[in-house]
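Q:
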Amino acid sequence: MKSKEQELASLLVRMEVIQANQTDRFAARLETLNGDSVKALKELDIDDQLIEETLAVAFPVSFSSDLNAPNPADLKWAIDIEQQLAGRSIFPYNLTDDSCTFLIYNLFLTEYQYQLEELLQKEVQFIYCSSEVASDFYKEQPKSQAHSSGDEEQTQKDDEDPESPIIKAVNLLFLDALNEEASDIHIEPFEHQVQVRFRVDGVLRLVKSFPAELHAAILSRVKLMADMNISEKRIPQDGRIKFQVLGADYDMRVSTLPTVHGETAVLRLLKKDSISIDLGKSGFTEDNLKKFRNGFGCAHGICLVTGPTGSGKTTTLYGAVNEINDIERKIFTIEDPVEYQLEGIVQIPVFAKVGMTFAAGLRAALRQDPDIIMIGEIRDAETAAIAVKAALTGHLVLATLHTNSAPGTISRLLDMGTDPFMLATTVEVVLAQRLQRRICSNCKEAAPITEEAAYMFTKAGLEPPKEVFVGAGCDLCSKSGYKGRLGIHEILVVGGAVRDAIADGASEVELVKLAGENGMINIRQDSLLKASEGSSTIEETIRVTGADQLE
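83 is the number of the first residue of the sequence shown in this note's numbering; add one for each residue after it.
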């Protein structure tokens with residue numbers, strides 16, 4: 083595919099403005115000059131009038147060497163737009179009731195005309211001037227405006243800190259989300275307001291509301307930061323924002339979706355620095371942690387972590403990989419996307435659009451002399467089959483699946499067409515997990531157990547405690563009574579009778595019964611034990627594991 087510079091060069095050849103043997107030089111100079119087509123043509127000794135006539139045909143731009151003072155209207159719009167277009171070399175110049183004019187030297191940026199018209203709801207016009215003139219002119223204008231307005235001190239302050247209210251509002255949202263340790267930011271438009279919610283410890287919390295009139299500006303700012311098309315509002319879009327706070331690198335995955343009141347956006351926050359997960363502080367009971375470590379401590383085989391989206395599967399696998407990572411072993415991860423960077427480990431991102439799937443990445447990694455491979459998710463039969471073969475040939479494979487229980491994972495792999503005997507031979511352990519909120523240690527207090535809660539323990543085969551615990555709510559936990567999360571688990575150890583049952587193609591119901599007989603504590607029981615020991619609450623057990631078992 084030709085670049086924009088090459089396309090313009092070809093057009094100029096067809097218009098007999100430059101020669102065919104000059105196209106490469108012209109295109110190269112365009113890149114060097116940041117798209118200043120006029121300068122590049124002048125270097126080829128093209129006449130000024132011919133340059134203007136030619137480029138006026140190729141681009142929606144006029145040429146003027148006489149730049150008058152801007153409209154004496156308030157220049158706040160100029161500062162706002164300049165900030166939203168930071169780094170794009172489009173300079174606000176003039177504003178009338180019907181139109182906005184911008185100075186521009188990179189003529190390729192006229193492609194933003196439609197987006198600007200959508201943003202401003204006015205006709206947009208471009209005037210070419212050199213980069214030096216455009217920059218100098220724009221820098222001088224706010225000072226002139228300061229004298230004409232009679233508010234020199236305030237305008238000087240705006241010059242020193244030209245951030246608009248919208249930019250400040252969006253930046254504050256990001257900082258608040260980091261301070262609240264939120265995993266996601268939800269920006270939701272309604273008829274009379276824009277609602278902003280943070281997902282903190284797995285639960286959404288309303289944090290701000292803006293007038294509906296600000297929705298377009300807020301979304302435009304977010305989409306510009308994420309390098310998304312701000313004029314396209316009819317289809318979903320995905321983007322990414324990278325930023326740094328106090329020396330820490332963060333990555334936001336941005337997703338927008340059209341609704342009846344405008345686009346809604348969800349921003350997922352990821353810290354990109356290397357992390358070290360301590361499995362001992364993740365909510366495992368001593369027995370469950372021992373079983374899990376025995377599984378991923380094997381020289382070869384498959385260790386599976388399962389659960390719904392957002393249940394912490396990948397984080398748990400990171401913790402396992404951190405524990406077995408040493409200089410003597412080659413470890414690969416194949417992820418979609420790579421969420422955190424792991425020191426000393428080769429991490430491979432999935433790009434399905436170009437054929438780099440989990441299966442393709444796994445096949446390629448196996449040719450790189452690995453000892454251990456972590457697969458972000460087994461999604462299909464091909465990936466499952468390659469994982470089994472990798473385990474059979476002496477590799478340790480760690481992977482996640484989306485299933486609701488540990489025994490159900492075996493059924494899911496069998497449904498994918500995995501051979502029962504091969505599955506029984508390779509799988510060492512299956513961990514199913516969820517995340518539930520911890521009681522805030524600062525406002526934790528005892529409470530009498532209710533009859534309904536006691537019945538939950540009895541029905542689960544557990545002795546009801548005499549008391550349970552709750553969080554009263556304090557400033558540290560934003561009055562929620564919870565701070566942080568912990569895992570609840572069930573672990574199916576594949577060995578002995580369980581291995582034989584899998585080889586025979588046992589059903590999920592049969593595996594659940596057999597696992598219980600062999601000492602498996604299910605997720606419901608583990609959650610209730612967390613409530614009885616005071617690390618979580620009965621309400622969290624109901625929220626995370628469901629209330630249907632109360633009947």
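Even glycine gets a Cβ: it sits at the ideal position worked out from N, Cα and C.
T178: buried (16+ other C-beta within 10 angstroms of its C-beta) or exposed?
A: Within the sequence shown, residue 178 is the residue found at index 96, counting from 1. Per the 10 Å Cβ criterion, exposed.
Q: Consult DSSP for T619 and reduce its assignment to one of helix, strand or coil.
A: Working through the sequence shown from its first residue, we reach residue 619 at position 537. It is coil, neither helix nor strand.
Q: Just how far apart, CA to CA, sit N153 and L191?
A: Within the sequence shown, the letter at position 71 stands for residue 153. Within the sequence shown, the letter at position 109 stands for residue 191. With a pLDDT of 47 at N153, under the threshold of 50, the modelled position of this residue cannot be trusted; read the value that follows with caution. One C-alpha to the other measures close to 23 angstroms.
Q: Roughly how many angstroms lie between the CA atoms of E533 and L610, to the nearest whole one?
A: Taking the sequence shown and counting its residues from 1, the one referred to as residue 533 is at position 451. Taking the sequence shown and counting its residues from 1, the one referred to as residue 610 is at position 528. Roughly 14 angstroms separates the two Cα atoms.
Q: State the Cα-Cα distance for the pair V336 and M504, rounded to the nearest angstrom.
A: As a first step, residue 336 is located in the sequence shown; it is residue number 254 there, counting from the start. As a first step, residue 504 is located in the sequence shown; it is residue number 422 there, counting from the start. Each residue's Cα considered, the two are about 40 angstroms apart.
Q: Tell me whether E235 sits in a helix, a strand or coil according to DSSP, three-state version.
A: Residue numbering aside, residue 235 sits at position 153 when the sequence shown is read from its first letter. Any answer about E235 is weak, because its pLDDT of 39 lies below 50 and its placement is not dependable; what the coordinates show is given next. Of the three classes helix, strand and coil, the one that applies to E235 here is helix, per DSSP.
Q: Under the rule that 16 or more other beta-carbon atoms within 10 Å means buried, what is Y564, buried or exposed?
A: Taking the first residue of the sequence shown as 1, we reach residue 564 at position 482. Under this definition Y564 is a buried residue.
Q: Comparing alpha-carbon positions, which option in Y196, L132 and H484 lies nearest E314?
A: As a first step, residue 314 must be located in the sequence shown, where it is residue number 232. Checked all of Y196, L132 and H484; the closest Cα to E314 is Y196.
Q: Please report the straight-line C-alpha distance between S181 and P142, rounded to a whole angstrom.
A: Taking the first residue of the sequence shown as position 1, residue 181 is located at position 99. Taking the first residue of the sequence shown as position 1, residue 142 is located at position 60. Computed Cα separation, rounded: 15 angstroms.
Q: To the nearest angstrom, how far is the alpha carbon of R519 from that of D453?
A: Counting from 1 along the sequence shown, the entry for residue 519 is found at position 437. Counting from 1 along the sequence shown, the entry for residue 453 is found at position 371. The alpha-carbon atoms of R519 and D453 are separated by roughly 36 angstroms.
Q: State buried or exposed for A228, treating a residue as buried only when at least 16 other CB atoms are found within 10 Å of its CB.
A: Mapped onto the sequence shown, residue 228 falls at position 146. Here the model assigns A228 a pLDDT of 34, short of 50, so the residue's position is not dependable and the matter cannot be decided.
Q: For R606, which three-state DSSP category applies?
A: Stepping through the sequence shown from its first residue, residue 606 is reached at position 524. DSSP places R606 in helix when its eight states are reduced to three.
Q: Please report the distance separating the alpha-carbon of L513 from that of C525.
A: Along the sequence shown, one-based indexing puts residue 513 at 431. Along the sequence shown, one-based indexing puts residue 525 at 443. Their Cα atoms are separated by approximately 32 angstroms.
Q: If distances are taken between C-alpha atoms only, which option among G392, V285, L544 and A585 comes closest to I603?
A: As a working mapping, residue 603 is identified with position 521 in the sequence shown. Nearest option by C-alpha distance: L544.
Q: Who pairs with R287 in a beta bridge, going by DSSP?
A: Sequence index remark: in the sequence shown, residue 287 carries index 205 (1-based). The partner list for R287 (beta bridge, DSSP) reads F280.
Q: For Y537, report the span of its alpha helix (DSSP H) as first-last.
A: Counted from its first residue, the sequence shown places residue 537 at position 455. E533 to K541 is the extent of the alpha helix (DSSP H) around Y537.
Q: Helix or strand or just coil, what does DSSP make of D333?
A: Position 251 of the sequence shown holds residue 333. Of the three classes helix, strand and coil, the one that applies to D333 here is strand, per DSSP.
Q: Determine the direct distance from the alpha carbon of R107 to that of A264, and round the result to whole angstroms.
A: In the sequence shown, the residue the question calls residue 264 occupies position 182. In the sequence shown, the residue the question calls residue 107 occupies position 25. Rounded to whole angstroms, A264 to R107 spans 51 angstroms at the Cα level.
Q: Does DSSP classify K412 as helix, strand or coil?
A: Sequence index remark: in the sequence shown, residue 412 carries index 330 (1-based). Reduced to three states, the DSSP call for K412 is coil.
Q: So, at 6 angstroms on beta carbons, what are the nonlocal neighbours of I269 in its own chain, with the 5 sequence-adjacent residues on each side left out?
A: One-based indexing of the sequence shown puts residue 269 at position 187. Cβ neighbours of I269 beyond the five flanking positions: V278 and A347.
Q: Taking the alpha-carbon of T415 as reference, which of I427, D408 and N404 has the nearest alpha-carbon?
A: Your numbering for residue 415 matches position 333 in the sequence shown. T415 has its Cα closest to that of I427, out of I427, D408 and N404.
Q: In chain order, what residues of the same chain have a beta carbon less than 7 angstroms from the beta carbon of M97, not counting five sequence neighbours either side?
A: As a first step, residue 97 is located in the sequence shown; it is residue number 15 there, counting from the start. Hits under 7 angstroms: T136.
Q: Relative to the alpha-carbon of A554, which residue among L496, K548 and I521 has its alpha-carbon at the smallest distance?
A: Counting from one through the sequence shown, the residue named residue 554 turns up at place 472. Closest option to A554, Cα to Cα, is I521.
Q: For F551, which of V575, S523 and G321 has the nearest alpha-carbon?
A: The residue given as residue 551 occupies position 469 in the sequence shown. With distances taken between Cα atoms, F551 lies closest to S523.
Q: Taking DSSP as the reference, what is the three-state secondary structure of F433?
A: Working through the sequence shown from its first residue, we reach residue 433 at position 351. Residue state, collapsed to three classes: strand.
Q: Is the stretch 485-497 close to the stretch 430-445, with three or more CB pairs under 8 angstroms?
A: No: fewer than three Cβ pairs fall under 8 angstroms.
Q: So, are the CB atoms of R445 and I413 less than 8 angstroms apart?
A: On the sequence shown, residue 445 is found 363 positions in, with the first residue counted as 1. On the sequence shown, residue 413 is found 331 positions in, with the first residue counted as 1. Cβ atoms of R445 and I413: not closer than 8 angstroms.
Q: Short of 7 angstroms in beta carbon distance, which residues of its chain neighbour K250, apart from the five on each side in sequence? Order them along the chain.
A: The count along the sequence shown starts at 1 and reaches residue 250 at position 168. No residues qualify anywhere along the chain.
Q: With respect to the beta strand (DSSP E) encompassing K526, which residues constitute its N-terminal and C-terminal limits?
A: What you label residue 526 is simply residue 444 of the sequence shown in a count that begins at 1. Start and end: K526 to P530.
Q: Please confirm whether A294 and E273 have their CB atoms less than 8 angstroms apart.
A: Translated into the one-based positions of the sequence shown, residue 294 becomes position 212. Translated into the one-based positions of the sequence shown, residue 273 becomes position 191. Going by C-beta atoms, A294 is nearer than 8 angstroms to E273.
Q: Are three or more beta carbon pairs between the stretch 587-595 and the stretch 388-402 nearer than 8 angstroms?
A: The stretch 587-595 is not in contact with the stretch 388-402.
Q: Going straight from the alpha carbon of K373 to that of L254, what length do you get?
A: As a first step, residue 373 is located in the sequence shown; it is residue number 291 there, counting from the start. As a first step, residue 254 is located in the sequence shown; it is residue number 172 there, counting from the start. Whole-angstrom Cα-Cα distance: 44 angstroms.
Q: When DSSP labels each residue in this structure, what does Y187 get in the three-state scheme?
A: Here residue 187 corresponds to residue number 105 of the sequence shown, with the count starting at 1. In the structure shown, Y187 sits in coil (DSSP, three-state: anything other than H, G, I, E or B).
Q: Is the beta carbon of E549 sitting closer than 8 angstroms to the one on I531?
A: Here residue 549 is taken as the residue at index 467 of the sequence shown, counted from 1. Here residue 531 is taken as the residue at index 449 of the sequence shown, counted from 1. Against a cut-off of 8 angstroms, the Cβ pair of I531 and E549 comes out as a contact.
Q: Between the beta-carbon of I300 and the beta-carbon of V285, is there less than 8 angstroms?
A: Position 218 of the sequence shown, counted from the start, is the residue given in the question as residue 300. Position 203 of the sequence shown, counted from the start, is the residue given in the question as residue 285. No, these two residues do not count as a Cβ contact at 8 angstroms.
Q: Please classify R567 as buried or exposed, where buried requires at least 16 other C-beta atoms within 10 Å of its C-beta.
A: Taking the sequence shown and counting its residues from 1, one reaches residue 567 at position 485. Buried.
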